[in-house]
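**Q** Following the numbering used here, the numbering of the sequence shown begins with 60 at its first residue and continues without gaps.
Next up is a structure, given as structure tokens.
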Amino acid sequence: IVSNNSLLIFLRSCATVCFIILPPVSLFLTQFIVHSLKVRLSADITSEFLEDNIEGQSAADRIARELAQQFSNDLADLMLNGDTEAIGTDAGFLTIGDGIIKQAKAVTAKTHKYSTANKTDYKGVIFPDMLAAMPNQFKRDRANMRFYCSSKVSDAYIMSLADRATALGDATIISGKLPTFLGIQVYPIEYIPDDVIILTNRLNLVSGVQRSMKVYSQFNQRKDQTEYTMYMRIDPGKIVWDDALVIGYNF
60 IVSNNSLLIF LRSCATVCFI ILPPVSLFLT QFIVHSLKVR LSADITSEFL
110 EDNIEGQSAA DRIARELAQQ FSNDLADLML NGDTEAIGTD AGFLTIGDGI
160 IKQAKAVTAK THKYSTANKT DYKGVIFPDM LAAMPNQFKR DRANMRFYCS
210 SKVSDAYIMS LADRATALGD ATIISGKLPT FLGIQVYPIE YIPDDVIILT
260 NRLNLVSGVQ RSMKVYSQFN QRKDQTEYTM YMRIDPGKIV WDDALVIGYN
310 F
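Right, dumping it as structure tokens:
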């Protein structure tokens, strides 16, 4: 399932997943072994809540939709920030598997690392340097390339365009459209830390799904509540071609 603006690409298989990206000349087929993990999201809704809620019994349907959306958001967060060595309050969630950011930063990864230390000029320094670090053969398909970053970084870049005092600068602020840099879309993602920027083809970041989302609900008479449970079996995230990714961060 590929969406024009989606970071996630889900392809199903029992043991092996094949991922396709668009390199410089022709389609390349790459195989990965999926090390799927079972993930769960659960919630309990009391009968009193449904009785007292202004939406009445229809609130149950809304809650089920909200839970499904939260599950999707959590998977996107895990895909990017998963870390099997994480500690702290979110450790139980983040340690499910290593995400894209940790994989890209790994010393053994053949990704291109760019230091953003003491740099704040996205238009004149950071974006140009990261693009220069990308091998030429992966720069052709700029329509599918992305600078993935936080909203803070994206906003700072937009403000730098406004400083040009041109029609383009004004239009960028007024329209609210996602900005571009040399034809590459600057795409903010809420789960990316402010000090991390990823430049790659959007099809180069993938997740493997062995079991699609299953949603269950049952009424527990003893507790007088409805129990919702969602399950998936996933491999949180993978980089298809290390050489086609540049990660900028403070090091």
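Here a beta-carbon is modelled for each residue, glycine too, at the ideal position from N, C-alpha and C.
From a predicted model like this one, the values you see are computed outputs, not experimental measurements.
(1) Please classify Phe310: is it buried, with 16 or more other beta-carbons within 10 angstroms of its beta-carbon, or exposed?
(2) Does Tyr207 pass the burial test, meaning 16 or more other C-beta atoms within 10 Å, or should it be called exposed?
(3) By how many angstroms is the C-alpha of Ala123 removed from the C-alpha of Asn195?
(4) Please work out which residues of its chain come closer than 6 Å, Cβ to Cβ, to Pro83, disregarding the five sequence neighbours upstream and downstream, and give them in chain order.
(5) What would DSSP say about Asn13, mapped onto helix, strand or coil?
(6) In the DSSP assignment, what are the bridge partners of Ile102?
(7) Which of the three DSSP states is assigned to Arg121 in this structure?
(8) Taking the straight line between their C-alpha atoms, what separation do you get for Asp130 and Leu100?
(9) If Gln247 sits next to Ser209, beta carbons under 8 Å apart, how far is it from one beta carbon to the other, in whole angstroms?
(10) My understanding is that Thr105 touches Gln284, with C-beta atoms under 8 Å, so please give their C-beta distance in whole angstroms.
(11) If you follow the alpha helix (DSSP H) that Val212 is part of, which residue opens it and which one closes it?
(12) Could you tell me whether the stretch 286-300 touches the stretch 248-257, using the rule of 3 or more Cβ pairs below 8 Å?
(13) For the alpha helix (DSSP H) containing Gly151, list its first residue and its last residue.
(14) Between the alpha carbons of Met272 and Leu96, how many angstroms are there, rounded?
(15) Taking 7 Å as the cut-off, decide whether the C-beta atoms of Ala303 and Thr239 are in contact.
(16) Sort Ile217, Asn263, Gln269, Val268 by Cα distance to Val245 and report the nearest one.
(17) Counting C-beta neighbours from all protein chains within 10 Å, is the total for Asn177 16 or more, i.e. buried, or is it exposed?
(18) Quick one, which of Asn140, Lys182, Met189 has its alpha-carbon nearest Ser213's?
(19) Identify, in the order they occur along the chain, each residue of the same chain with its Cβ nearer than 7 Å to the Cβ of Ala192, setting aside the five sequence neighbours on each side.
(20) Here's a check: name, in chain order, each residue in its chain whose Cβ is nearer than 6 Å to the Cβ of Asp136, leaving out the five neighbours to either side.
(21) Does DSSP put Val184 in a helix, a strand or coil?
(22) The alpha helix (DSSP H) that contains Arg269, what's its start and end?
(23) Report buried or exposed for Thr179, applying the criterion of at least 16 other Cβ atoms within 10 angstroms of its Cβ.
**A** In short, the structure shows the following:
(1) exposed
(2) Tyr207 should be labelled buried.
(3) Distance between the alpha carbons of Asn195 and Ala123 is about 46 Å.
(4) Reliability fails at Pro83, whose pLDDT of 40 lies under 50, so the model's placement of it is uncertain and no value is given.
(5) This structure cannot settle anything about residue 13, because the visible part of the chain is limited to 60 through 310.
(6) Rather than Ile, the amino acid found at residue 102 in this sequence is Ala. DSSP, once it has assigned bridges, lists Tyr287 as partnering Ala102.
(7) helix
(8) Looking at the sequence shown, residue 130 is not Asp but Phe. For Phe130 and Leu100, the distance between alpha carbons rounds to 7 Å.
(9) Strictly speaking, residue 247 in this sequence is Pro, with Gln absent from that position. The Cβ separation is near 6 Å, so the contact holds.
(10) About 5 Å; that satisfies the 8 Å criterion.
(11) Under the DSSP assignment, Val212 falls in the alpha helix (DSSP H) whose first and last residues are 210-221.
(12) no
(13) In the DSSP assignment, Gly151 falls within the alpha helix (DSSP H) that extends over 150-153.
(14) 13 Å
(15) no
(16) Ile217
(17) exposed
(18) It is Lys182 whose Cα lies nearest to the Cα of Ser213.
(19) His171, Tyr173, Val305
(20) Tyr250
(21) helix
(22) According to the sequence shown, residue 269 is Gln rather than Arg. Following the DSSP letters along the chain, one finds Gln269 in no alpha helix (DSSP H) but inside the beta strand (DSSP E) bounded by residues 264-279.
(23) exposed
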